[in-house]
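Visitor: In the working numbering, the protein residues as written are 22 to 412.
Dropping the structure in here first, questions after.
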Ligand SMILES: [Fe+2]
């Protein structure tokens, strides 16, 4: 294809179909999860993707909500069908141009073996030249050249390889040793907890020490439902970037469900367990790594790391889009020199951690400070947000 090359991005729709759980759900952060409206937002995004002729869609993880797996009988397959019916509007080739980044809710709805067998994920990887078997083990991290006439390379990472989420075929032992090392108490549990996002839940799992952590203490990331890349994947990432370096002519964008920079999360609990190790890799290859794109932290955030000249963006979730505030998707347009970004989303630049009045007594003060100092990146009004490609 000649002309503009565009990619659509959507994160964390967390689609539910269980009827009893479709009510809007207020969060301790002060926002509301609009389960009944989110499929409409996915439809709006997909129709815009088709209108703008995007070549790929990057689905940043948590396509489904773990509540689908907690009802009897489970309805994860129905939820997947419901969101497929909307996403398929995005492209004339159906879903084979949609890349699925693995999120924590996804591996609570389906095992890794199920995701391995998921036809559309396999077909998306076939479309970029990978030979994926129908069954058997393979990784959910891979890389590809999205546009044949441009010098970009996309790297899709799996930030839940190291995790204690049960029945998901993760590297549980590496996760347990990480959690034990930071003294967060007991790890692993037999079933999916009823509300893994609440502080009450965390204190029950990890003891009062967890709630005593400062709002910006990055040890908050060591919660049960979180995850990491692991040593094997990060070594693989270095090898991929070594190859790029040897070729000397490509720019790289990384995609992972979890953010890897403390300045793009509204709560440090969203950082990948080994975000710091990932940042070291990014720093070592900063000459050609342009951006790290993530989801997971539903409010979203953006920062430009001046030490590495790398952009970090957490894409906000359509699940928490109140009426009249847009549908929370982005479209990136690429050439060899620039990335232009537009969409239906506004994110905070360098968000202040846990500026949520309900979180604790100091949350209100942090929120007041945030209202005074926060700057917002508004992707909705113009093609004014540009990232300069390197070298
Ligand atoms: Fe998530």
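Positions of the beta carbon are idealized from the N, C-alpha and C atoms, including for glycine.
As the structure is a prediction and not an experimental result, all values here were calculated from the model.
Compute the Euclidean distance between the alpha carbons of residue 359 and residue 96, then round it to the nearest angstrom.
Guide: Going from the Cα of residue 359 to the Cα of residue 96 covers about 42 Å.
Visitor: Kindly indicate which three-state DSSP category residue 50 falls into: helix, strand or coil?
Guide: Coil.
Visitor: In whole angstroms, give me the CA-to-CA distance for residue 73 and residue 253.
Guide: Computed Cα separation, rounded: 38 Å.
Visitor: What number of angstroms, rounded off, separates the C-alpha of residue 333 from the C-alpha of residue 391?
Guide: Whole-angstrom Cα-Cα distance: 20 Å.
Visitor: Pairs of beta-carbons, one from the region 145 to 154 and one from the region 96 to 108, closer than 8 Å: are there three or more?
Guide: Contact fails: fewer than three Cβ-Cβ distances are below 8 Å.
Visitor: The beta strand (DSSP E) with residue 256 in it runs from where to where?
Guide: Taken as a continuous stretch (DSSP letters only), residue 256 belongs to no beta strand (DSSP E), being part of the alpha helix (DSSP H) at 251 to 268.
Visitor: Taking the alpha-carbon of residue 127 as reference, which of 178, 93 and 35 has the nearest alpha-carbon?
Guide: For residue 127, the nearest C-alpha among the options comes from 35.
Visitor: What are the boundary residues of the alpha helix (DSSP H) that residue 312 is part of?
Guide: Note, residue 312: premise wrong, no alpha helix (DSSP H); beta strand (DSSP E) at 310 to 315.
Visitor: Quickly, what does DSSP pair residue 396 with across the bridge? List them, please.
Guide: Looking at the DSSP assignment, residue 396 forms a beta bridge with 370.
Visitor: Taking C-alpha atoms, which residue in 319, 341, 139 and 120 lies nearest to residue 75?
Guide: Of the listed residues, the one whose Cα sits closest to residue 75 is 120.
Visitor: Is the distance from the Cβ of residue 335 to the Cβ of residue 280 below 8 Å?
Guide: Contact flag set, yes.
Visitor: Checking 8 Å against the spacing of the C-beta atoms, do residue 316 and residue 83 come in under that value?
Guide: The answer is yes: Cβ separation under 8 Å.
Visitor: Would you mind working out which of 138, 79, 236 and 197 sits nearest residue 386, comparing C-alpha positions?
Guide: Comparing Cα-Cα distances from residue 386 to each of 138, 79, 236 and 197, the minimum goes to 236.
Visitor: Whole angstroms are fine: how far does the CA of residue 201 sit from the CA of residue 70?
Guide: Looking at the two C-alpha atoms, the distance is approximately 44 Å.
Visitor: Does any CB atom of chain B fall closer than 8 Å to the CB of residue 92?
Guide: This model lacks chain B altogether, as it is built from one protein chain only.
Visitor: When burial is assigned at 16 or more other CB atoms within 10 Å of the CB, is residue 37 buried or exposed?
Guide: It is buried - the Cβ of residue 37 has at least 16 other Cβ atoms within 10 Å.
Visitor: Please list the segments of the alpha helix (DSSP H) lying wholly inside the region 121 to 150, counting only runs of 4 or more residues, in order along the chain.
Guide: For the region 121 to 150, whole alpha helix (DSSP H) runs of length 4 or above, ordered along the chain, are 125 to 130, 133 to 138 and 140 to 148.
Visitor: On the criterion of 16 or more Cβ atoms from any shown chain inside 10 Å, does residue 295 qualify as buried, or is it exposed?
Guide: Answer is buried; the Cβ neighbour count reaches 16.
Visitor: So, are the CB atoms of residue 31 and residue 350 less than 8 Å apart?
Guide: Yes, Cβ-Cβ distance for residue 31 and residue 350 is below 8 Å.
Visitor: Using the rule of at least 16 other Cβ atoms within 10 Å of the residue's Cβ for burial, across every protein chain shown, is residue 348 buried or exposed?
Guide: Residue 348 is buried by the Cβ-count criterion.
Visitor: Does the beta-carbon of residue 89, which I'm using as the reference point, lie nearer than 7 Å to any heavy atom of ligand 1?
Guide: Checking every heavy atom of ligand 1 against the Cβ of residue 89, none is found closer than 7 Å.
Visitor: Are there three or more Cβ pairs, one per stretch, closer than 8 Å when the region 157 to 175 is compared with the region 260 to 273?
Guide: Contact between the region 157 to 175 and the region 260 to 273 is present, because at least three Cβ pairs lie under 8 Å.
Visitor: Given residue 313, which residues of its chain have a CB within under 6 Å of its CB, disregarding the five upstream and five downstream residues?
Guide: For residue 313, where only same-chain residues beyond five positions count, the Cβ hits under 6 Å are 275, 281 and 333.
Visitor: Whole angstroms is fine: what's the gap from residue 240's alpha carbon to residue 248's?
Guide: Straight-line Cα distance between these residues: approximately 13 Å.
Visitor: Just tell me which of 250, 233 and 373 has its CA closest to the CA of residue 323.
Guide: Per the Cα distances, 373.
Visitor: Which value, in whole angstroms, describes the spacing of the CA atoms of residue 141 and residue 116?
Guide: Cα to Cα, residue 141 sits roughly 6 Å from residue 116.
Visitor: Give me the DSSP bridge partner(s) of residue 276.
Guide: DSSP, once it has assigned bridges, lists 177 and 314 as partnering residue 276.
Visitor: Measure the C-alpha to C-alpha separation of residue 125 and residue 99 and round it to an integer number of angstroms.
Guide: Rounded to whole angstroms, residue 125 to residue 99 spans 19 Å at the Cα level.
Visitor: Let me check one thing: in DSSP terms, what residues is residue 332 bridge-paired to?
Guide: DSSP lists 312 and 325 as partners of residue 332.
Visitor: On the premise that residue 272 lies in contact with residue 311, defined as a C-beta separation below 8 Å, what is that separation, rounded to the nearest angstrom?
Guide: Indeed they touch by this definition, with Cβ atoms about 5 Å apart.
Visitor: I want to check one thing, is the minimum distance from the CB of residue 278 to the heavy atoms of ligand 1 below 7 Å?
Guide: Residue 278 Cβ: within cutoff of ligand 1.
Visitor: Taking the continuous beta strand (DSSP E) assigned at residue 296, which residues delimit it?
Guide: No beta strand (DSSP E) contains residue 296, which is instead part of the alpha helix (DSSP H) from 296 to 305.
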